[in-house]
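Below is one structure, written out as structure tokens; comments come after it.
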Amino acid sequence: MDERARIPVSLPRDDPTRSYWQDLPDAAVADLRTTETLPESADVVIVGSGITGAAAAWGLQQNEDQTGRSIVMLEARQACSGATGRNGGHTKAASYRTFAHHVSTLGSTAAAAQIARLELANIREVHGFARLHGIDCDAVACDTVDIIYDAAQWEAAVAAVAAMHAALGPYDPAAEYELVAGPDAVRARFHCHATTFRGRPDPVAGAVVYPAGSLSAYKFGVGVLRLCLARGLNLQTHTPALALRREKGRDGAWLVQTPRGTIAARRVVLATNGYTAHLVPRLQGVVVPLRGQVTAQRPGRSLPAGGCLPTTYSFIYEGGYEYMVPRPPGSRFAGDIVMGGGLVRGAADEGLYEYGSTDDTALNPDVSAYLRDTTPRYFGPDWGEDDPAGRVRAEWTGIMGFTPDGFPLVGEMPHGGADDDGGGLWTASAFQGHGMVLCWMCARALVDMIEGRDANNELDSWFPRAFRITEERLAKRFQGRVSHNISGQDQGVSTE
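Take 657 as the starting number for the sequence shown in my numbering and just add one per residue.
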């Protein structure tokens, strides 16, 4: 893993695989350059145009004391073409799956509960923002179900739900779980059957049901960008940030080098997720890219409701998972099944060689074959014959960002290192393939930090200290965490 973490992180690559969500790209925003030439300076430069960058821009625009503030956003490719435009669209927390790990790692039940509540708040805030501002992004609030194919995983799930009920109370919305025991009950409600993998039986042990949702993260991100553009955001697509350096003798401005010129800013915000180490060498091996893969499949002929199932899914087994998002009624290709994950069983060495990769121009053929077969394997006779046009409509890859401790990096980069010597370099990145339930609230916290609203640790009331950037976190050694996140909303962007 050390060898994979040391691979130099590149810029986003040209000509990536065509994402299902970006076919077709937004005509007005995808290739927009607000001004023909790149401005020479701005108050704030944001690198990255996905949900995190858009949310940061929106938050900074709400400061009535800074109505004249200039914000320039740089994007290496088309707008929202990174993790936001390449994930599975799953707004699902699965907090019970990480609760015990967070208690153990952080040494605090309260800290683990705070993370669970933030994840739920993120889901609600994203869906609420879309409703409030009329963003058409196929947003659906629904239940989700984790189908568990392993007795030990089922026992752990039952224990985790009990622990969350004990810690948060059984009526806390962040601990709202229903347990469905036994294969017959699971099959009757969710149409899932026992499977085999490489000759080994995978019997259904049970299921966990809880509130979640889905949406087109691409359409949501573009919608937020439209709101920001109406308030004066200057978006510059196809303008990669090549390097950062501090200009001496110019009041400490950061210089952001691009192929179209250099722009100076007192503050730079990196909303670059798995690519962040390209601009901050100190983060090499701290924010490690992971390539994931997603398919969009036409529904089988026997699948209930023409594929427009009322819940989203994850399929949990020893060491890994897949996730599944049915496209809702009224959406383009309603009933399509978005299926992602599969690194542990589909890729060589349980996904080891996907770490360190920023190559979203190609597919892993082993993962392609594995994901293609997941739908009839899990649904058995309830899948039926394939659509005459073929099972797979689209497949694509994307890049997530992971850290040694499994938490995002949010805040200002420490001062005095080789990469900066006076502050003003901020980031919210490395969402662990979990961005759809982390990035919005992380961007909100970042804006509060930038605006000085955390001078006395005011954010501690809702924002986890484990997410903040510290020297201790930057010194940790990367081990890899594929199996910790089973919700999959960004597996295959993703990011996340």
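Ideal Cβ placement from N, Cα and C applies to all residues, glycine included.
Computed from a prediction, not measured in an experiment: that's the story for all the values here.
In whole angstroms, what separates the C-alpha of residue i from that of residue j?
| i | j | result |
| --- | --- | --- |
| T932 | N778 | 22 angstroms |
| V981 | Y805 | 19 angstroms |
| D1015 | R947 | 7 angstroms |
| P829 | L776 | 8 angstroms |
| P668 | L1019 | 16 angstroms |
| G855 | D1022 | 18 angstroms |
| T673 | A1050 | 10 angstroms |
| S760 | G879 | 39 angstroms |
| T719 | D682 | What sits at residue 719 in the sequence shown is Asn, not Thr. For N719 and D682, the distance between alpha carbons rounds to 29 angstroms. |
| Y866 | F1123 | 25 angstroms |
| V701 | A739 | 20 angstroms |
| M995 | A850 | 18 angstroms |
| Y752 | L911 | 43 angstroms |
| P1070 | R1121 | 15 angstroms |
| V1093 | F1058 | 15 angstroms |
| E616 | A813 | Nothing can be reported for residue 616, as the shown portion of the chain is limited to 657 through 1152. |
| T723 | T918 | 24 angstroms |
| A899 | T914 | 7 angstroms |
| T754 | N890 | 39 angstroms |
| C1095 | P1032 | 33 angstroms |
| V842 | P1037 | 15 angstroms |
Below 8 angstroms on the Cβ atoms is my contact criterion, and I expect residue i with residue j to pass it. Report the Cβ-Cβ distance as a whole number of Å.
| i | j | result |
| --- | --- | --- |
| W1039 | L959 | 6 angstroms |
| L688 | T967 | Between T967 and L688 the Cβ distance is about 37 angstroms, and since that is not below 8 angstroms, they are no contact. |
| Y969 | D858 | Not confirmed; about 15 angstroms, so no contact. |
| M1105 | G1067 | 6 angstroms |
| T803 | C848 | Per the sequence shown, residue 803 should be read as Ile rather than Thr. Confirmed, about 5 angstroms. |
| T895 | L694 | 7 angstroms |
| S1085 | A921 | Incorrect: roughly 18 angstroms between the Cβ atoms, too far for contact. |
| V1000 | G976 | 3 angstroms |
Within the continuous beta strand (DSSP E) that includes residue i, where are the two ends?
| i | result |
| --- | --- |
| Y866 | 862 to 870 |
| N890 | 890 to 892 |
| N834 | Reading off the sequence shown, one finds Glu at residue 834, where the question assumed Asn. From DSSP, the beta strand (DSSP E) with E834 extends over 834 to 837. |
| D699 | 697 to 703 |
| L911 | 910 to 914 |
| A797 | 796 to 804 |
| Y969 | 967 to 973 |
Of all Cβ atoms in chain B, is any one closer than 8 angstroms to the Cβ of residue i?
| i | result |
| --- | --- |
| V814 | The chain inventory of the structure shown lacks chain B, comprising one protein chain alone. |
With 16 other CB atoms within 10 Å as the buried threshold, where does residue i fall?
| i | result |
| --- | --- |
| R662 | exposed |
| D1076 | Below a pLDDT of 50, predicted positions are generally treated as unreliable, and D1076, at 48, falls in that range; no measurement from the model is reported. |
| L788 | exposed |
| K748 | buried |
| S872 | buried |
| W1082 | buried |
| D810 | Strictly speaking, residue 810 in this sequence is Trp, with Asp absent from that position. Its Cβ being crowded by 16 or more others within 10 Å, W810 is buried. |
| A897 | buried |
| G986 | exposed |
| T1030 | buried |
| K904 | exposed |
| Q601 | This structure cannot settle anything about residue 601, because the visible part of the chain is limited to 657 through 1152. |
In the structure shown, what three-state DSSP assignment does residue i receive?
| i | result |
| --- | --- |
| H821 | helix |
| F1119 | coil |
| L883 | helix |
| W677 | helix |
| E1152 | Since pLDDT at E1152 reaches only 28, below the 50 mark, its modelled position is unreliable, and the value read off the structure follows with that caveat. DSSP places E1152 in coil when its eight states are reduced to three. |
| Y752 | helix |
| L934 | According to the sequence shown, residue 934 is His rather than Leu. DSSP places H934 in helix when its eight states are reduced to three. |
| F785 | helix |
| G1182 | Residue coverage of the chain in this structure runs from 657 to 1152, which leaves residue 1182 outside it and unanswerable. |
| H746 | strand |
| F876 | helix |
| F1134 | coil |
| F846 | helix |
| P664 | coil |
| Y1034 | helix |
| A990 | coil |
| W714 | helix |
| D658 | helix |
For the alpha helix (DSSP H) containing residue i, list its first residue and its last residue.
| i | result |
| --- | --- |
| L1102 | 1095 to 1106 |
| F1058 | Counting along the chain, F1058 falls outside any alpha helix (DSSP H), though it belongs to the beta strand (DSSP E) covering 1048 to 1058. |
| V685 | Premise fails: V685 is in no alpha helix (DSSP H) and is neither H nor E. |
| Y1153 | Given a span of 657 to 1152 for the chain in the structure shown, any question on residue 1153 remains unanswerable. |
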